[in-house]
Every structure is written in C-alpha cells, then in structure tokens.
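Undergrad:
In our numbering, the protein residues as written are 738 to 953.
(1) Specify the secondary structure class of residue 823 as computed by DSSP and reduced to three states.
(2) Since residue 758 and residue 775 should fall inside the 8 Å C-beta cutoff, what is the C-beta to C-beta distance between them, to a whole number of angstroms?
(3) From what residue to what residue does the beta strand (DSSP E) around residue 837 run?
(4) Can you confirm whether residue 739, when its beta carbon is compared against all beta carbons of chain D, has any partner nearer than 8 Å?
(5) Just the Cα atoms here: how many angstroms apart are residue 922 and residue 754?
(6) Give me, in chain order, the residues of the same chain whose beta-carbon lies closer than 7 Å to that of residue 935; leave out the 5 immediate sequence neighbours on both sides.
(7) Determine the closest residue to residue 867 out of 741, 777 and 740, with distance taken between C-alpha atoms.
(8) List in chain order: all unbroken beta strand (DSSP E) runs of 3+ residues lying wholly within the segment 777–803.
(9) Assuming residue 815 and residue 917 form a contact by the criterion Cβ under 8 Å, report the distance between their Cβ atoms to the nearest whole angstrom.
(10) If you check the beta carbons only, do residue 771 and residue 915 fall under 8 Å apart?
(11) Take residue 773 as the anchor and find which of 898, 887, 932 and 940 has the nearest alpha-carbon.
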C-alpha cells in the first residue's frame, strides 16, 4: 500500500460528565504485546462538560525505528531515529568521535518478509521504538516500545495501524502501557481502511453511566 494520511476529529457537546480520551495502538494481536513490546498512550485529550469540545489527531503511514528514552514510565522524544519501510532492516550502533547513536540506512531484506527489523549492535541493552512521522520535518511520534533489547538481538515489527480508544484519566500522553487498559474499549479502527478524513462523537449516557464514541 502506498503512503497515506488519516485525520480523525473527535467532538463532544455539553457532556454531562468530563471524559479523558486515550488513544493507543494496543491491538491484542500484536506479537508479544505487554511482554516484549509495550504500546504508548499515543494521544490523550480531555473533553469537559461545558460547550463544544474538539480534538484532532493525524496519522501518517511512514514508519520509523527510534531509540526512545523512558523517564518515569513516559517516553521522551527520541533524538535518534530512521524512517523505514516494510521489508527493510536497520542496525543501531554507537561510535564515532564524538561517539553518537545512529541507525544505518535501511536495506531490503531478502527474501521479502513484510516486516521491519532493527538490530542492536551497541555494547549494551537498548530501548528500540516504533513511531510514525506525522510531518516530514519532525521527529516521529512514539507508538510502540521494545525495552532492553540485548546486544546482537533484533526486533521485528509487522505493524498494522489499528487504533484503540478508551475513556480513562489514569494515563498521561506518551505513557508506556504495561498492561491492558482496564476500562472498556470504545473505539477500534484500522486506519488503513478509513477515508482520509473522519469525524467522531464522544457521548455520555447519564442514565446508564456509559460513554460511547460514534462516527458522525
């Protein structure tokens, strides 16, 4: 599939109860989810009770590997990253004068596997992340983290952009999710199958005490 962009706008109107929307790429079919690879709270936004509220998020399908730093279980913006496509491999190294971390230029994997591969060739364990480039001139947004990848070991990712949405105030943006979010999954969409622009309504039923996210 060629590169694509998806923009989703979430709206609310005079909610009777405040809602905090957490968006994450936490599809349960991701190999090793919550064991070797951890999703992040990709975007977090509060919808208050007064007036109209609106929150827009954009996803771009150009992916990349990163060397994320984690502080207090929150991903810090990575300064080392490389764009990569399915069927390619890159190698993380540390060297030079002065020594710096860097990813090698991705090379095609033969035979083609459909996976993205990153190998750690530094002298110690490293975190390796998967992100996407919302804008070509900005660093990637972090969406998955492989923690403590050993020297000489590789991570493999065959990423499908399935976005999940939850109402919960328990997470900050870019938090590393160690376990499945315990509140109900209200939104689940494969972004590759959506039109470029979609609108969604955040609702709250005071009688049942239940939130919902519906497409407009």
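Every residue, glycine too, gets a C-beta built ideally from N, C-alpha and C.
TA: In this structure, then:
(1) Of the three classes helix, strand and coil, the one that applies to residue 823 here is coil, per DSSP.
(2) Taking a contact as a CB-CB distance under 8 Å, the pair residue 758 and residue 775 does not count as one, their CB atoms being some 20 Å apart.
(3) Unbroken beta strand (DSSP E) run through residue 837: 837–840.
(4) Here chain D cannot be found, since the structure has a single protein chain.
(5) Just so you know, the alpha carbons of residue 922 and residue 754 end up roughly 18 Å apart.
(6) Excluding five sequence positions before and after residue 935, the CB atoms of its chain that fall closer than 7 Å to its own CB belong to 745 and 952, given in chain order.
(7) The residue among 741, 777 and 740 with its C-alpha nearest the C-alpha of residue 867 is 777.
(8) 780–784, 789–797 and 800–803, all fully within the segment 777–803.
(9) In this structure residue 815 is not in contact with residue 917, their Cβ atoms being roughly 25 Å apart against a cut-off of 8 Å.
(10) Result yes, Cβ atoms of residue 771 and residue 915 sit closer than 8 Å.
(11) When only C-alpha atoms are compared, the closest one is 887.
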